[in-house]
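Asks: Numbers 298 to 522, taken from the working numbering, label the letters of the sequence shown in order.
Note that CB positions come from ideal geometry on N, CA and C, so glycine has one too.
A quick note: this is a predicted structure, and the numbers were derived from the prediction, not measured.
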Amino acid sequence: MQANFSEQLRRAISHERLDAYRQRGTSSDDAELFTHYAWNMALSESLYTPLQCLEVCLRNSIHDAATAYFKTDTWFDVPGVLLASELDKVREAKGSLLKGKKTLDAGRIIPELTFGFWTSLLDVRYEKVLWPWLLKPVVPNMPRRIRIRKNLSKRFNHIRTLRNRIFHHEPIWHWGDLPNQHSDLLEAIRWVNPAMMTFVEPFDSFKSVYNNSISEYRKVVSALP
Numbered sequence: 298m299q300a301n302f303s304e305q306l307r308r309a310i311s312h313e314r315l316d317a318y319r320q321r322g323t324s325s326d327d328a329e330l331f332t333h334y335a336w337n338m339a340l341s342e343s344l345y346t347p348l349q350c351l352e353v354c355l356r357n358s359i360h361d362a363a364t365a366y367f368k369t370d371t372w373f374d375v376p377g378v379l380l381a382s383e384l385d386k387v388r389e390a391k392g393s394l395l396k397g398k399k400t401l402d403a404g405r406i407i408p409e410l411t412f413g414f415w416t417s418l419l420d421v422r423y424e425k426v427l428w429p430w431l432l433k434p435v436v437p438n439m440p441r442r443i444r445i446r447k448n449l450s451k452r453f454n455h456i457r458t459l460r461n462r463i464f465h466h467e468p469i470w471h472w473g474d475l476p477n478q479h480s481d482l483l484e485a486i487r488w489v490n491p492a493m494m495t496f497v498e499p500f501d502s503f504k505s506v507y508n509n510s511i512s513e514y515r516k517v518v519s520a521l522p
């Protein structure tokens, strides 16, 4: 790899970002750093599809269950349902819609709320407010023996950590339990909606990318100028 090309690529990615790879045991050799960066991109891309589908089906499942229980699709405005931090998130979502001159109907507000908002509803703070009534409707296919709010919160917050690292372009290639996290992600989708799981499966490329390992990306990077 030519020094000039290597330096330009370093600047494009940033020395700080590449340092995160070096600190995790990657060789300081430029080609190896870029190879790990490329493999990390591919792994992150392969997980994006199931993460996106889980986020969509979880928020819609919670929304549908809450709408049925509170008998209004603006259940998030019902006094006593949400606590201050989540109410702030709803206000932010409404403010964003108003800036775009869009109507404040539930169908627009719900997609504006982040995955962090939805996982926060699984917190112990909502144990008595939501989950005595919403647990089964939200995750109808979660095995009965483990279907409690605490287990649901633990699973989805682990997934949120993975999601945030991917969306912030941080390294995940070195996680030894990445295949298990992928399996947990697919299982969570199945808990919420088996049809979504069936939809995701043909597009899920994680196993292929992971099992091919880094060698394929090493070949590509070695052919660069």
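Just to confirm, are TYR523 and PRO468 a CB contact at a threshold of 8 angstroms?
Replies: The structure shown has nothing for residue 523, since the chain only spans 298 to 522.
Asks: Assign ASN337 to buried or exposed, taking buried as 16 or more other Cβ atoms, counted over all protein chains shown, within 10 Å of its Cβ.
Replies: The residue in question, ASN337, is buried, as its Cβ has 16 or more Cβ neighbours within 10 Å.
Asks: Go ahead and label PHE412 buried or exposed: buried means 16 or more other beta carbons lie within 10 angstroms of its beta carbon, across all protein chains shown.
Replies: Per the 10 Å Cβ criterion, buried.
Asks: Could you tell me whether any non-hydrogen atom of the ligand FMN is closer than 7 angstroms to the CB of TRP336?
Replies: No copy of the ligand FMN appears in this structure; indeed no ligand is present at all.
Asks: DSSP state of ILE434, grouped into three classes?
Replies: In the sequence as presented, Ile is not what sits at residue 434; that position holds Pro. Looking at PRO434 - three-state DSSP - the assignment turns out to be helix.
Asks: With a 10 Å radius around its C-beta and 16 neighbouring C-beta atoms as the bar for buried, classify PRO347 as buried or exposed.
Replies: Flag for PRO347 reads buried.
Asks: Please list, in chain order, all residues of the same chain as ALA363 whose beta carbon is under 6 angstroms from its beta carbon, the five residues on each side excluded.
Replies: Taken in chain order, the residues that qualify are TRP372.
Asks: Where do the N-terminal and C-terminal ends of the alpha helix (DSSP H) with LEU410 fall, by residue?
Replies: No alpha helix (DSSP H) contains LEU410, which DSSP labels as neither H nor E.
Asks: Please state if the CB of TYR514 and the CB of LEU475 are separated by a distance shorter than 8 angstroms.
Replies: Contact flag unset, no.
Asks: Whose CA, out of ALA492, ASN490, PRO491, ILE463, lies closest to the CA of GLN478?
Replies: With distances taken between Cα atoms, GLN478 lies closest to ILE463.
Asks: Check whether the Cβ atoms of VAL489 and CYS354 sit closer than 8 angstroms, and answer yes or no.
Replies: Going by C-beta atoms, VAL489 is nearer than 8 angstroms to CYS354.
Asks: Straight-line CA distance for ARG422 to GLU342?
Replies: Going from the Cα of ARG422 to the Cα of GLU342 covers about 34 angstroms.
Asks: For the segment 436–456 against the segment 376–395, are there 3 or more C-beta pairs whose distance is under 8 angstroms?
Replies: Because the criterion of three Cβ pairs below 8 angstroms is not met, the segment 436–456 and the segment 376–395 do not touch.
Asks: One question on the structure: do LEU427 and ARG444 come within less than 8 angstroms of each other, judged by their Cβ atoms?
Replies: Result no, Cβ atoms of LEU427 and ARG444 do not sit closer than 8 angstroms.
Asks: When the Cα atoms are used, what is the spatial distance from ARG441 to ALA485?
Replies: Looking at the two C-alpha atoms, the distance is approximately 14 angstroms.
Asks: By a C-beta neighbour count over all protein chains shown, 10 Å radius and 16 as the cutoff for buried, is THR458 buried or exposed?
Replies: THR458 should be labelled exposed.
Asks: Any C-beta of chain C sitting closer than 8 angstroms to the C-beta of VAL375?
Replies: Considering every chain present, this structure includes no chain C. It has just one protein chain.
Asks: I think TYR518 touches PHE302, with their Cβ atoms under 8 angstroms apart; what is that distance to the nearest whole Å?
Replies: Tyr is not the amino acid found at residue 518; the sequence shown has Val there. At roughly 11 angstroms, the Cβ-Cβ gap does not stay under 8 angstroms, so VAL518 and PHE302 are not in contact.
Asks: Would LEU482 pass as a contact of LEU379 if the rule is Cβ separation under 8 angstroms?
Replies: Their beta carbons are not under 8 angstroms apart, which means LEU482 does not touch LEU379 by this criterion.
Asks: Around the Cβ of ALA492, are there at least 16 other Cβ atoms within 10 angstroms (buried) or fewer (exposed)?
Replies: Exposed is the call here.
Asks: State the CB to CB distance for the pair ARG405 and LYS399, rounded to an integer number of angstroms; the pair is presumed to be in contact (CB under 8 angstroms).
Replies: The Cβ separation is near 6 angstroms, so the contact holds.
Asks: Can you name, in chain order, every residue of its own chain whose Cβ lies under 7 angstroms from the Cβ of ASP370, other than the five neighbours on each side?
Replies: If we look at ASP370 and ignore the five residues flanking it on each side, its Cβ neighbours are THR364, ALA403.
Asks: If you compare alpha carbons, which of PHE500, ASN438, PRO499, ALA339 is closest to ASN509?
Replies: If we check each option's Cα against that of ASN509, ALA339 comes out closest.
Asks: Please list, in chain order, all residues of the same chain as VAL375 whose beta carbon is under 8 angstroms from its beta carbon, the five residues on each side excluded.
Replies: Around VAL375: PHE367, THR369.
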